[in-house]
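This report concerns only the one structure given below.
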Amino acid sequence: MERTTLDGTWTVEAVHGPAQADAHREPVDAIVPGCVHTDLLREGRIPDPFDGDNEAATQWIGDTVWRYRRTFTWSGETGTGPNTHARHDLVADGLDTLATIELNGIVVATTANQHRAYRFPVGHLLRPGTNELVITFDAPVPAAERLSALHGGELPHVNHHPYNALRKNASNFGWDWGIDVATSGIWKSIGIESWSDARIAAVRPLVDVDGTTGVLTAHVDVESAGSTGAFSQHIGSAPVAGVSGRAGLEARVTLTPHVTAGGADGHGAALAEQSTSAPGASGTDAAATPVGSGTVPPGRPSAPGATSVTSVRAVVDGSAVVRLEVPDVAVWWPRGEGDQPLYDVRVEVGDDVWTGRVGFRTVTLDTAADAGGAPFLLRVNDRPVIVRGANWIPDHAYLTEMTPGRYADRIDDAIEANVNLLRIWGGGIYESDDLYDRCDELGVLVWQDFLFACAAYAEEPWLADEVEPEVREAVTRLSPHPSLVVWNGNNENLVAYAEWGWRPSLVGRTWGNGYYRSLLPSIVAELDPTRPYTPGSPFSFDEYLTPNDERNGSVHIWDVWNRLDYRAYADWNPRFVAEFGFQGPPAWSTLTAVVHDEPLDPDGHEMLVHQKADQGNRKLADGMRGHLPTPTSIEDWHWASQLNQAHAIRFGMEWFRSRTPDNTGMIVWQLNDDWPVVSWALVDHAGIRKPVWYAVRQAYQPVLLTVQPSGGSGLDVVLVNASGAPVADEVTVSRVAFDGTVLDSSSFSLAAAPADADRVTLPASLAVPGDAGSEVLVVTGAGTRTVFDFAEVVDQVLARAPLSASVTATDDGAVVTVTATSYARDVSLFPDRVDPAARVDDGLVSLLAGESVTFTVTGAPGIDAEALVGPFVLRHAGSLLP
């Protein structure tokens, strides 16, 4: 197999569209992979849509037909020469979205799905010397509207474009956190693959663990050079025709412990170096003799201590199923539960090779009814996992800007916030292997939505014929990744049908239920029976229950934020929370880089362009009421909004976690942003961690001490254990005045098994303050500390200037040491206000009188160190008080 890349420099030009498109009919350079927005930006042809109100000024791009073009020199054979079985395929890994492909003036194919890869035989169209490849993309916004009108009118959807008529990244059309930049372009690699005889069309290396033995079952699909037609790059379906008559074709699968710079990840797993063949695989009934003594069953290591195991099977009717066994297997565990050993898989068929990695583990979803309803409990290797998750959206509005480094940074943000699961939300894309690979290596679990979100989807052939191959390809491509533990049918479509008033408009029409209840689970059962499937999120496992029933399955909690104060989280007793969130603005430097209102105001024109939520600013203001003073300046509005977001999310998380084991996890909305915007994100688009990120890090500690209401005015201290090991300790609880005086103190013994909690009810001398506005409760033990505020900030007697600070410059930034003279709540440092490149290691630190904290600022050599203790850079909750 040889690949001639067609990535690199192309040209792009407008073909047809609104009046603004007329100025772009002359070709400009384009970079592939990419999209028309990034090409026009790089060439200086459009203003930055992220900046100011340029989003509106660039809407015409999504209404325009675009044509990409390049020439290339072909020196290879065309498939019409002596080797009549040679194949030359045009392979497009990703086209966005409705594309017509022409090679040398001949239409090769049309495509209609951003989420699929395509392969087309083109040997008969190639010619020696110069060739021209042209790909024309229909305008996505009019196309979606046209398809909707053609098939009975728009089906229900959120936002303002009928994105549900196209198999395209839904959030690309705008969301309540996302910019509307309907892109077009060649968004993944493209090239010509030349091959003879046979190629590996797809591999599904499915794993199981039987006792201490790891079992790999590799399903290999093979295509012959003599077959014709267009194929998805990742077939993942029935065997490909054209191979059955090919004598002697074998699939050889080799499994080897993955080796990193630090050595093998296999942790001493016993693999024998061997080569075995199934009876008849090579035209005989004799199995090959493995390296070592004696004969062993196919795929079973002959002796411990060697490095690899190989098994061979004949390819029959276009496929082979190759089974290998690994005794004393090194088992893959989620982060915090154990190590993440990986094994390299190499599949060879003729001259073609496929490589990937697997990890041996089992995963189940426990939904067996109990006295309280139906739980939603993940078990990995039969061990319960309490989920501390975050929802993931595409990390950039322009998908090709999501580099491996950017993926690594965001996943590191998740890990350092004690997140153990990412949910890949269904309004985006099936993510790059860069994400899943890193999650495999670091033990971050992945919940994968199929790509249906907040809309009704037609089930007729015009759309369904795209859905099935898309899903088959996605399941096949992602099946090797041990981090992937849940397939989910959709985001909020079931609850929307039940509760959002859709039913009258859907009488006599399909809306997607057949996908979620039939097609998707049948494909998962066929191609990946090793993982659980749930029809939707939220979902309650019963036709006769509302999909958002808190006592059964998963829920999304959005009455908080939309209507209710965040303390209403405590009115919920959910088994599993798959979405909940609260908004806050991005970092000051991120916001002011794109919002230029004079004066800067929450309700300024450009500010509202960067606030996509319905009545978002009103909800921000309502959410502060009763918690924080009303801000009187833009600086205080920014800090108060960020702080209230942090308080809201921490309150909800600690309440849900205090319900362990009845509650088995939560997934906060959302980890990241796709552009600079006021949103629910923990980390803004520039990669700056908002105060809520530090709140999540605290609330998601594996071992958590939290103070929760008990009865009327009582309080419980709850020890929550998600560490994977038993925890027992003496916990000291002290009632402390703001001046540092200890008013009362007692110790209590608490012990919690993994995935469990223990609690103690406090005596009135601790639970009832003498003066709620000037006292806190300090809980220490089990390697952690919690400071519980008896009153809201607005009702506390906090000093406005309780801090002294010293600063020392470093080669990479500075060190800032802060000491409290009286209680200082939520002390935080915002170095980006001095240098947008600066980052800080801590935040939201509550200090008792006499305590100190040191903040380390990095990424900003030469920063003005003294400016780091300025009034809007070094902040605390008391600085909001009048």
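Be aware that the sequence shown starts at 42, since it is given in this note's numbering, and climbs by one per residue. Each residue gets a CB set at the ideal place from its N, CA and C atoms; glycine is no exception.
Beta-bridge partners assigned by DSSP to T50: I72. The straight-line gap separating the alpha-carbon atoms of T50 and P68 is approximately 12 angstroms. In terms of Cβ geometry, G530 and Y557 form a close pair [threshold 7 angstroms]. Less than 7 angstroms divides the Cβ of W552 from the Cβ of A497. Pairing D830 with G919, the inter-Cα distance amounts to about 13 angstroms. Pairwise C-beta distances place the stretch 761 to 778 in contact with the stretch 799 to 813, as three or more of them are shorter than 8 angstroms. Between G467 and K209, the alpha-carbon positions lie close to 11 angstroms from each other. In the three-state scheme derived from DSSP, where H, G and I count as helix and E and B as strand, V421 is classed as strand.
Within the stretch 835 to 905, no complete alpha helix (DSSP H) segment of 4 residues or longer occurs. Distances from the CA of L641 to each of D876, E676, Q624 and K731 were compared; the closest alpha carbon is that of E676. Runs of the beta strand (DSSP E) lying entirely within the stretch 86 to 151 and spanning at least 3 residues, in chain order: 106 to 115, 128 to 133 and 139 to 144. In the three-state reduction of the DSSP assignment, N154 falls in the strand class, which pools E and B.
Between S237 and A355, the gap from beta carbon to beta carbon reaches 7 angstroms or more. Shown here, T403 sits in coil according to DSSP, grouped into three states, outside any helix or strand.
Rounded to the nearest whole angstrom, the C-alpha separation of G194 and T152 is 22 angstroms. With respect to the 7 angstroms criterion, G664 and V733 are not classified as neighbours on the basis of their beta carbons. In this chain, the alpha helix (DSSP H) harbouring I564 covers L561 to L568. Per DSSP, P246 is one residue of the beta strand (DSSP E) stretching across A239 to D251. Between the alpha carbons of V404 and R659 lies a gap of roughly 43 angstroms.
If you check the CB distance, A736 and I708 do not come in under 7 angstroms. Listed in chain order, the non-local C-beta contacts of S845 below 8 angstroms within the same chain comprise V859, T860 and T862, local neighbours out to five positions each way being set aside. In this structure D481 is buried. Its beta-carbon is surrounded by 16 or more other beta-carbon atoms within 10 angstroms. Spanning the alpha carbons of G555 and V182 requires a straight line of approximately 26 angstroms. Straight across, the Cα-Cα distance linking L535 with V596 is about 12 angstroms. When rounded, the separation of the alpha-carbon atoms in D392 and T114 is 25 angstroms. Here D836 is exposed. Its C-beta has fewer than 16 other C-beta atoms within 10 Å. In the structure shown, A505 adopts helical secondary structure according to DSSP, grouped into three states. Our two residues, A901 and V875, have alpha carbons roughly 9 angstroms apart in a direct line. The beta carbon of E472 sits closer than 6 angstroms to the beta carbons of I465 from its chain, once the five residues preceding and following it are set aside; these are given in chain order. Note: E591 is not bridge-paired with any residue in the DSSP secondary-structure output.
For Y384, the pairing in a beta bridge is given by DSSP as P298 and V399. Bridge partners of E234 according to DSSP: R44 and D130. Three or more pairs of CB atoms, one per stretch, sit closer than 8 angstroms, so the stretch 252 to 261 contacts the stretch 364 to 381. For P643, the three-state secondary structure derived from DSSP is coil.
Contact between the stretch 436 to 445 and the stretch 692 to 700 is absent, with fewer than three C-beta pairs closer than 8 angstroms. Sorting E509, Q100 and R245 by C-alpha distance to the C-alpha of W395 places R245 at the top.
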